[in-house]
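K.L.:
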Amino acid sequence: MHALVPYLVFPGSCREALGAYRAALGGEIVTLQTFAESPLDVPPELSERVFNAELRAGQLVLKASDDLPSHPVQVGGNVSLFLTFAERSQRDRVFGQLVEGGATLFAPDGEFSMLRDRFGIQWMLVG
């Protein structure tokens, strides 16, 4: 495992929130990809929403995106723990243990998977 990073999800206000956080924390938005630039097929009215972004301020790293109608954000459920792995086998092992008693949100297919553990915490696993 490399680093554990908070991942924030917004109901269409990601760009605005990141601007506010950048100003408050003195950081820099180092990545900002829209849904139009993503591999997902989304309706035109959602194409400029944020698919993936990253803000860095000193040692602090925040990742963020906007939600989609198929996965609407809910207050209290708009923060996930984003964890990266050097090896997919390690990611799959951790996924299997964390998902016990919880729910698969995105099955481990390719590099990305997402789950809600039995304690209600959402995890995004990449590797």
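For the sequence shown, my numbering gives the first residue as 482, with consecutive numbering after it. Where is the CB? At the ideal position from N, CA and C, for every residue including glycine. As the structure is a prediction and not an experimental result, all values here were calculated from the model.
Would you say Arg572 reaches chain C, if we count a Cβ-Cβ gap shorter than 8 Å as a contact?
P.N.:
The structure shown has no chain C; it contains just one protein chain.
K.L.:
Could you check what DSSP says for Arg530 in three-state terms: helix, strand or coil?
P.N.:
Note: Arg530 maps to coil in three-state DSSP.
K.L.:
Closest by CA to Phe539, which one among Gln603, Glu509, Tyr488?
P.N.:
The sequence shown places Gly at residue 539, rather than the Phe named in the question. That would be Glu509, whose Cα lies nearest to the Cα of Gly539.
K.L.:
Are the CB atoms of Leu485 and Leu564 within a distance shorter than 8 Å?
P.N.:
Leu564 places its beta carbon less than 8 Å from that of Leu485.
K.L.:
Could you check what DSSP says for Asp590 in three-state terms: helix, strand or coil?
P.N.:
strand
K.L.:
How big is the Cα-Cα spacing for Gly558 and Leu596?
P.N.:
12 Å
K.L.:
From this set, Pro492, Ala545, Leu579, which residue's C-alpha is nearest Leu513's C-alpha?
P.N.:
Ala545
K.L.:
List the endpoints of the continuous alpha helix (DSSP H) containing Ala505.
P.N.:
495–506
K.L.:
Please state whether DSSP places Glu535 in a helix, a strand or coil.
P.N.:
strand
K.L.:
Using the three-state DSSP reduction, which class does Ser570 fall into: helix, strand or coil?
P.N.:
helix
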